[in-house]
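> Using UniProt numbering, read the sequence shown as starting at 1 and increasing by one per residue.
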Amino acid sequence: LCCECGQFHLLLDNHLYNFQDEVDDELICHICLQPLLQPMDTPCGHTYCFKCLENFMQEYNFCPMDRKKLSFQQCHKSSLLVRNLLDKLIVFCPFKAECQQTMQRCELEAHLQNRCPGFKKYRSELQQRKNSVSKGKEDLPAKVETNTSKDPEVPSGGSSLLAESSAAAVVSLGTAEPGLVNPAFEETEEGESLIQKCNYRTSLVAETTTIEIHREDPEEELGMRIVGGKDTPLGNIVVQEVLRDSVIAADGRIAPGDHILEVNGVNISSVTHCQAVSFLRHPGPVLHLMVLQEKGFSNKSAQQDSTSTANREVIHVTLIKRDRSEPLGIKLIRKTDEAGIFILDLLEGGLAAKNGKLSRNDRVLSINGQDLRQGTPEAAAQIIQTTESRVNFVILRQSGMHLSDPVEDSSTSNNSSSSSSSNGGSPVHHRRRVDQSHYRRRSHYQKKTVAIKKEPKESLGITIGGGRDNKNKLPIYVTSVQPIGCLFRDGRIKRGDVLLSINGIDLTHLNYYEAVAALKSNAASHSVVLKALEILCLNSPEPSPDLKDQGFGWSPFWITWLGLPSYLHCCQDIVLNKGNLESWGFSIVGGFEESKGNQPFFIKTIVPGTPAFRDRKLKCGDEIVAVNGVPAIGMSNSELIPMLKEQRNKVTLTVVSWPGSLV
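Structure representation (structure tokens):
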């Protein structure tokens, strides 16, 4: 129990208060969604709690609100006026049973120490317990846990938190002084690494799940991007990304890295990329998907705890905000004994409390389709804050319902893994050995120059996409050719063509708006010379337009981008760091083979809870171009894997990331 605010919270987290009135949104931290504590101002004009901003900046280098580049050293304390306004907010005493007083927030600590009968009684009871322990009870944490559940003096919410075995609260009560930092449960990155080092990892665990997706509009897109297919080294169809506020995101059960095995009973584990897109884009009110989901590494402690995690159920809860700034009234924490985010408390009168479907100690698996199984409260708060209306939670709750346990499978798949562990399987659908002998990089391209004579006021009649400001840093490509312009009449420029230049002006390094400006300014002349690249995928014809264009914004398929020449690739360096006994946590496929020649290396699997997963930048389907500056082209699989394993604590991967096909 914290002696400053009189409530339970992790020692490194902000204090908790019960405010008498609704606090103005201008005084709310948009990371924790609570009134500001030790407010810090950013150069871009936003204000956050000191601890919230400090924790956020340990993982990211941008402002949570406008995503402008930011470092913690650039921030400074808010003005004295703002700090005084916050300190004067009226709060309730947390010991409601014995004390109904209200006071300014800055006066609460003095009230608890000197005047509050409830806190005085609590300290007296605590001292009695400590004295009884000193007379012969050595197992202090166990005694505190059994006694406190009956103790009426603990503030509202405290006893239930202890009854649900929140290790942080139990150990906190067992320390010599209230609020004393206990190294055994400090929540630090070093502590997490230590836990992983102590638990010997034996193998990857995976399980298959059948998921039923319902759509009100049968033609609504699912809202995920996929990579892979039998005509690529990946073999399987893999989810690369789940789009926010989509059908899949609202359902919450499918995450990036999942392998899609069946669609409506049809096995798609051995179809081409474009065929898989056709199956997944097929309209219908109900879609049945069988997916293979990696669950991470198994270890001894995980096996021992299997009985305690079995009786849980997954629950879907949707909260609807009246406007973007409305808080949900949820306090989120991280526990030291279990990965993920948990609900500590629901604020009285808040949106979540009124809804009544969320409970204390629920584990948050995802919010709006964003995987938070290894997430932080700050990341969850950012997702909630940026959501306009519907906030879709997927939570795990203790219940009498039995969930099937993942079963290890000692068989290894044909992909090589930088984790040097066998891959997991399932009693329902064992992972198959992928036959990749059919794959060659057969996509190729042809350059074309189109010269057109036109009227000065006549439009080119095309729309474009891409641009180097795009998150995937794509080249400029044609998204449509309208029947009103000169290019439609000419017929040589087609949808999907990559535009290289117009009238000698290079378009390959421009962002979207610069490219639009260049096309418009040159379209005003009497003659236009366009240089373009047409990508030809000989063995993967795209689905017929009637399937593809109903309700879907057009963009090239993922497999189309693989045919681009290397000078149009935009590479990025991703730096991963790990502990001595950790694996990097990703598997790769591809590489040189005598029978197939040079094939690109692709990321096939990213394992939950590993450095590659925590970094969040590496995606399934990314192409590895170099490792620590050494080009991967021409290397065999057996050459690249040892190179990755030799890197002890840090590796720099140079990758090309293409957006998956939208379904």
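Built from N, CA and C at the ideal position, the CB exists for glycine as well.
Taking C-alpha atoms, which residue in K69, V317, A381 and T386 lies nearest to D323?
The shortest Cα separation from D323 among K69, V317, A381 and T386 belongs to T386.
> Between N355 and the rest of its own chain, which residues show a CB-CB distance below 8 Å, the 5 nearest in sequence each way excluded?
Only V317 and L319 meet the Cβ criterion.
> Give every residue of the same chain whose Cβ lies closer than 6 Å to the Cβ of V238, excluding the five residues on either side of it in the sequence, and list them in chain order.
Once the five neighbours on either side are set aside, the close Cβ partners of V238 are V227, G228, H259 and C620.
> For the alpha helix (DSSP H) holding Q58, just list the boundary residues, first then last.
Counting along the chain, Q58 falls outside any alpha helix (DSSP H), and DSSP gives it neither H nor E.
> For the putative contact between A532 and V481, defined by C-beta atoms under 8 Å, what is the C-beta separation to the nearest angstrom?
Wrong, their Cβ atoms sit about 12 Å apart, outside the cutoff.
> Is A339 helix, strand or coil when you go by DSSP?
A339 falls in the coil class under three-state DSSP.
> Just grab the DSSP bridge partners of G590 for me.
None; G590 has no bridge partner.
> To the nearest angstrom, report how far apart E219 and D251 are at their CA atoms.
If you take the alpha carbons of E219 and D251, they lie about 17 Å apart.
> Out of G609, I333, E646 and T560, which one is the CA nearest neighbour of S661?
It is T560 whose Cα lies nearest to the Cα of S661.
> Could you check if A249 is buried or exposed, using at least 16 other CB atoms within 10 Å of its CB as the buried criterion?
Buried is the call here.
> From P95 to L37, what distance separates their C-alpha atoms?
Note that residue 95 is Phe in the sequence shown here, rather than Pro. Whole-angstrom Cα-Cα distance: 21 Å.
> Does the Cβ of S521 have 16 or more other Cβ atoms within 10 Å, making it buried, or fewer, making it exposed?
So S521 counts as exposed.
> Quick one, are the C-beta atoms of R281 and V247 less than 7 Å apart?
Cβ atoms of R281 and V247: not closer than 7 Å.
> Rounded to a whole number of angstroms, what is the C-alpha to C-alpha distance between R115 and D25?
Their backbone Cα atoms lie some 32 Å apart in a straight line.
> So what's A249 in DSSP terms, helix, strand or just coil?
A249 falls in the helix class under three-state DSSP.
> Which residue wins for smallest C-alpha separation from V589, given the options C486, K604 and A110?
The option with the nearest alpha carbon to V589 is K604.
> G223: buried (16+ other C-beta within 10 angstroms of its C-beta) or exposed?
By the 10 Å Cβ count, G223 comes out buried.
> Cα separation between N580 and L644?
Rounded to the nearest angstrom, the two C-alpha atoms are 13 Å apart.
> Since K447 sits in a beta bridge, which residues does DSSP pair it with?
Per DSSP, L533.
> Judging by CA-CA distance, which residue of H273, I211 and L261 is the nearest neighbour of I254?
Of H273, I211 and L261, the residue nearest in Cα terms is I211.
> DSSP state of N522, grouped into three classes?
Three-state DSSP puts N522 in a helix.
> If you run the structure through DSSP and keep just helix, strand and coil, what is L277?
Going by the sequence as given, residue 277 is Val instead of Leu. It is helical.
> Could you tell me if D615 is buried or exposed, where buried requires 16 or more neighbouring beta carbons within 10 angstroms of its beta carbon?
It counts as buried.
> Taking just the CA atoms, how far does P475 sit from S656?
In the sequence as presented, Ser is not what sits at residue 656; that position holds Val. Each residue's Cα considered, the two are about 13 Å apart.
> Tell me where the alpha helix (DSSP H) around A612 begins and ends.
Segment P611 to D615, the alpha helix (DSSP H) holding A612.
> What would DSSP say about T47, mapped onto helix, strand or coil?
Reduced to three states, the DSSP call for T47 is strand.
> Assign A515 to one of two classes, buried (16 or more other C-beta atoms within 10 Å of its C-beta) or exposed (fewer than that).
A515 should be labelled buried.
> Mind pulling the alpha helix (DSSP H) runs of 4 or more residues that sit fully within the region 61–99?
Correct list: 80–87.
> Using C-beta distances below 6 Å, list every residue in its chain close to G340, excluding the 5 sequence neighbours before and after it, in chain order.
So the qualifying residues of the chain are R363 and R373.
> Can you tell me whether T463 is buried or exposed? The criterion is at least 16 other CB atoms within 10 Å of its CB, across all chains shown.
Exposed, by the Cβ-count rule.
> Taking C-alpha atoms, which residue in I606, P64 and F601 lies nearest to G585?
It is I606 whose Cα lies nearest to the Cα of G585.
> Specify the secondary structure class of I383 as computed by DSSP and reduced to three states.
The answer is helix: DSSP assigns I383 an H, G or I state.
> Put T560 into one of helix, strand or coil per three-state DSSP.
In the structure shown, T560 sits in a helix (DSSP, three-state: H, G or I).
> Count the other C-beta atoms from every protein chain shown that fall within 10 angstroms of the C-beta of Q275, then say buried if there are 16 or more, exposed otherwise.
Counting Cβ neighbours within 10 Å, Q275 comes out buried, since at least 16 surround it.
> By alpha-carbon positions, which one of A612, Q7, G118 and G563 ends up nearest to T232?
Checking every option, the nearest Cα to that of T232 belongs to G563.
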